[in-house]
Amino acid sequence: MSTVERLQTGQRMSQAVIHNGTVYLAGQVGAPGESVTAQTEAILKGIEKLLAEAGSDPTRILQATIWLADMDDFAEMNAVWDAWVPEGHAPTRACGESKLATPDFKVEIIVVAAQK
Numbered sequence: 002m003s004t005v006e007r008l009q010t011g012q013r014m015s016q017a018v019i020h021n022g023t024v025y026l027a028g029q030v031g032a033p034g035e036s037v038t039a040q041t042e043a044i045l046k047g048i049e050k051l052l053a054e055a056g057s058d059p060t061r062i063l064q065a066t067i068w069l070a071d072m073d074d075f076a077e078m079n080a081v082w083d084a085w086v087p088e089g090h091a092p093t094r095a096c097g098e099s100k101l102a103t104p105d106f107k108v109e110i111i112v113v114a115a116q117k
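For what it's worth, the working numbering labels the leading residue of the sequence shown as 2, then goes sequentially.
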């Protein structure tokens, strides 16, 4: 029988859903209006906290999808990402440009991870 657990569930969504040992995080954003660097740093800290709550950590990330409001910000976001990803544990990753929920969001990151 499959098991499903939801974390930080609100009216529209849960911040994380755990299904049979796989953790699916909702898209994470930083503080609106902050720089790409500041938003990316805040997002990655939030991802760490959610993964810990779900019984996982950054070394267990299987896949990441990164949305940028402007691909010109790729190098700035990537500098933060590269410093954060644990050596030897790079997940599969896609990165694209998209309009985000508000113009003040510059980065959104979605991850899927395995539990410990």
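Note that CB positions come from ideal geometry on N, CA and C, so glycine has one too.
In the DSSP annotation of this structure, residue 86 is not part of any alpha helix (DSSP H), being labelled neither H nor E.
Comparing C-alpha distances from residue 16 to each of 117, 101 and 48 shows the shortest one belongs to 48.
Secondary structure note for residue 95: its beta strand (DSSP E) is the uninterrupted segment 93–98. In the DSSP assignment, residue 42 falls within the alpha helix (DSSP H) that extends over 37–54. Partner residues in the beta bridge of residue 7, as assigned by DSSP, are 18. Taking C-beta atoms as the reference points, residue 19 and residue 30 fail to come closer than 9 Å.
The C-beta separation of residue 64 from residue 112 comes to about 7 Å, placing the pair in contact by the 8 Å criterion. DSSP, read as helix, strand or coil, puts residue 103 in coil. If the five residues before and after residue 67 are omitted, its C-beta is found closer than 6 Å to the C-beta atoms of 96 and 110, all from its own chain and listed in chain order. For residue 73, the closest of 103, 98, 6 and 10 by C-alpha to C-alpha distance is 98.
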